[in-house]
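Protein chains in written order, with the UniProt record's numbering: chain D, 1 to 152; chain H, 1 to 152.
Accompanying notes for the structure given below.
Number of protein chains: 2
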Amino acid sequence: MSAIDIRWARETDIAAIVAMLADDPLGQAREDAGLPLSQAYLDAFAAIDGDPNQFLAVMTDGDDVIGTLQITFIAGLSLRGGRRGLIEAVRVAAWRRGEGLGQRLFEWAIDKCRERGCRVVQLTTNKSRTDAHRFYERLGFKASHIGYKLEL
Amino acid sequence: MSAIDIRWARETDIAAIVAMLADDPLGQAREDAGLPLSQAYLDAFAAIDGDPNQFLAVMTDGDDVIGTLQITFIAGLSLRGGRRGLIEAVRVAAWRRGEGLGQRLFEWAIDKCRERGCRVVQLTTNKSRTDAHRFYERLGFKASHIGYKLEL
Numbered sequence: 001m002s003a004i005d006i007r008w009a010r011e012t013d014i015a016a017i018v019a020m021l022a023d024d025p026l027g028q029a030r031e032d033a034g035l036p037l038s039q040a041y042l043d044a045f046a047a048i049d050g051d052p053n054q055f056l057a058v059m060t061d062g063d064d065v066i067g068t069l070q071i072t073f074i075a076g077l078s079l080r081g082g083r084r085g086l087i088e089a090v091r092v093a094a095w096r097r098g099e100g101l102g103q104r105l106f107e108w109a110i111d112k113c114r115e116r117g118c119r120v121v122q123l124t125t126n127k128s129r130t131d132a133h134r135f136y137e138r139l140g141f142k143a144s145h146i147g148y149k150l151e152l
Numbered sequence: 001m002s003a004i005d006i007r008w009a010r011e012t013d014i015a016a017i018v019a020m021l022a023d024d025p026l027g028q029a030r031e032d033a034g035l036p037l038s039q040a041y042l043d044a045f046a047a048i049d050g051d052p053n054q055f056l057a058v059m060t061d062g063d064d065v066i067g068t069l070q071i072t073f074i075a076g077l078s079l080r081g082g083r084r085g086l087i088e089a090v091r092v093a094a095w096r097r098g099e100g101l102g103q104r105l106f107e108w109a110i111d112k113c114r115e116r117g118c119r120v121v122q123l124t125t126n127k128s129r130t131d132a133h134r135f136y137e138r139l140g141f142k143a144s145h146i147g148y149k150l151e152l
């Protein structure tokens with residue numbers, strides 16, 4: 001019997017989430033998963049947790065945090081006032097890949113977007129993440145856009 | 001002397017913003033700028049206006065609304081807890097293009113993202129908007145990502 005669960009993240013999950021963000025070809029240059037965690041991570045969690053339109057999710061197996069993603073609900077005039085669900089910071093723990101957990105996590109997230117009345121779920125993924133491209137296309141996402149970033 | 005100004009949108013700007021969203025090869029199929037405006041647009045404006053992390057901007061010239069964009073500030077654990085500024089729904093009125101107004105509006109928006117401590121400004125643009133691609137690249141944005149959308 002699987003003990004896998006998906007729920008909103010708590011402060012005690014932050015270190016495990018940052019470890020997953022860092023364990024990645026792009027993330028390893030950007031993150032610092034060393035303990036004690038940088039206060040910036042704790043402050044960012046508090047900001048997410050205090051924002052009624054932001055939700056950080058974790059997938060757990062017993063006491064292990066094995067996946068994460070973040071959903072931001074965005075009201076907008078375009079799409080006839082349609083709400084969007086933006087998904088960021090998606091990870092499945094390296095030792096648990098290939099089990100379909102990412103798909104399960106994403107289907108849960110898409111359901112949350114439906115529950116909030118979103119017209120669109122959107123995300124961007126680095127051009128170098130070719131496995132991710134196939135994953136999103138299998139889930140029905142269309143690669144209709146270019147994602148631009150400007151570092152400040 | 002130019003009377004051009006950029007400010008946060010008010011309820012009285014909604015019809016002009018929706019008219020710009022609709023006056024566009026992609027927008028004309030998606031929006032309904034007919035008056036009286038659909039209640040969904042008014043509800044979406046109220047949701048944006050009530051969200052401390054969402055800002056809808058207009059560029060005005062006297063009484064005319066001649067440009068718009070929306071900024072969403074997103075806290076996140078990734079990027080060492082770095083905040084992102086997401087820009088959506090960018091338009092300059094058709095009769096005022098070619099005057100550099102889009103650049104002026106964008107530089108203002110990027111300044112707002114800096115003031116809020118964003119590490120990154122990000123946006124997606126449809127692959128068919130080739131003029132927009134050149135515009136963002138001139139502003140220093142890097143086309144590093146693919147933008148995926150799933151319609152619900």
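We put the CB at the ideal spot given by N, CA and C, even for glycine.
Where residue i meets chain H, residues with beta-carbon distance less than 7 Å
i        : result
D/Val121 : Leu150, Leu152
D/Ile6   : Simply none; closest approach about 17 Å.
Residues that residue i contacts on chain H, provided the C-beta gap is smaller than 9 Å
i       : result
D/Glu31 : Leu77, Ser78, Leu79, Arg80
Limits of the beta strand (DSSP E) - the one that residue i falls within
i        : result
D/Arg116 : Here D/Arg116 belongs to no beta strand (DSSP E), and DSSP marks it neither H nor E.
D/Ala57  : 54-61
D/Glu151 : 142-151
H/Asp5   : 4-8
Close-in-space but distant-in-sequence residues of the same chain around residue i (CB under 8 Å, 5 per side omitted)
i                      : result
D/Ala109               : Ala57, Leu69, Ile71, Gly85, Ile87, Val121
H/Tyr136               : Leu123, Thr125, Ala143
H/Gly147               : Thr124, Thr125
H/Leu101               : Ile4, Met59, Ile66, Gly67, Val92
D/Ile74                : Asn53, Arg83, Arg84, Gly85, Leu86
residue 156 of chain H : There is no way to answer for residue 156 of chain H, as the model of chain H reaches only from 1 to 152.
H/Asp111               : none
D/Gly62                : Ala3
Start and end residues, alpha helix (DSSP H) containing residue i
i        : result
D/Ser78  : 78-81
H/Leu21  : 14-22
D/Gly67  : It is not in any alpha helix (DSSP H) - D/Gly67 instead sits in the beta strand (DSSP E) that spans 64-74.
D/Asp43  : 39-49
H/Gln28  : 27-30
H/Ala33  : Element bounds for H/Ala33: n/a, residue is neither H nor E.
H/Glu99  : Segment: none, H/Glu99 is in no alpha helix (DSSP H) and carries neither H nor E.
H/Glu137 : 130-138
Own chain residues within Cβ distance below 7 Å of residue i, not counting five before or after
i        : result
H/Ala44  : none
H/Val65  : Asp13, Ala16, Ile17, Val58
D/Phe106 : Leu139
D/Ser38  : Asp32
H/Ala94  : Asp23
Residue-level contact to chain H via CB, residue i, 8 Å cutoff
i        : result
D/Thr60  : no
D/Leu70  : Sequence inspection shows Gln at residue 70 of chain D; the Leu mentioned does not correspond to that position. D/Gln70 counts as touching chain H.
D/Thr130 : no
D/Asp51  : yes
D/Leu86  : yes
Other residues of its chain near residue i: CB distance less than 6 Å, five sequence neighbours each side excluded
i                      : result
H/Ala19                : Ala33
residue 155 of chain D : Past the boundaries of the shown model lies residue 155 of chain D; chain D is included only from 1 to 152, so the question cannot be answered.
D/Arg119               : Leu79, Gly82
H/Gly27                : Leu21
Interface residues of chain H facing residue i [CB-CB closer than 8 Å]
i        : result
D/Ile48  : Ala75, Gly76, Leu77
D/Asp43  : Gly81
D/Gly100 : Within 8 Å Cβ-Cβ: nothing; D/Gly100 doesn't reach chain H, min ~18 Å.
Listed by chain order, chain A residues near residue i by CB distance under 8 Å
i       : result
D/Phe55 : The displayed structure is made up of protein chains D and H, and chain A is not among them.
Any C-beta of chain D under 8 Å from that of residue i
i                      : result
H/Asp63                : no
H/Arg104               : no
H/Lys112               : no
H/Thr12                : no
H/Leu35                : no
residue 206 of chain H : With chain H covering 1 to 152 only, the question about residue 206 of chain H has no answer from this structure.
H/Ala19                : no
H/Ala143               : yes
H/Ala40                : yes
Proximal chain D residues relative to residue i, where beta-carbon distance stays under 9 Å
i       : result
H/Val90 : Within chain D, no residue comes near H/Val90; the closest Cβ sits about 10 Å away, beyond 9 Å.
Contacts that residue i makes with chain D (C-beta to C-beta distance below 7 Å)
i      : result
H/Ala3 : Neighbours of H/Ala3 on chain D: none; closest Cβ ~24 Å, over 7 Å.
Check: residue i C-beta below 7 Å from any heavy atom of the ligand MG
i       : result
H/Ser78 : For the structure depicted, the ligand MG is absent and the ligand set is empty, with no information on it obtainable.
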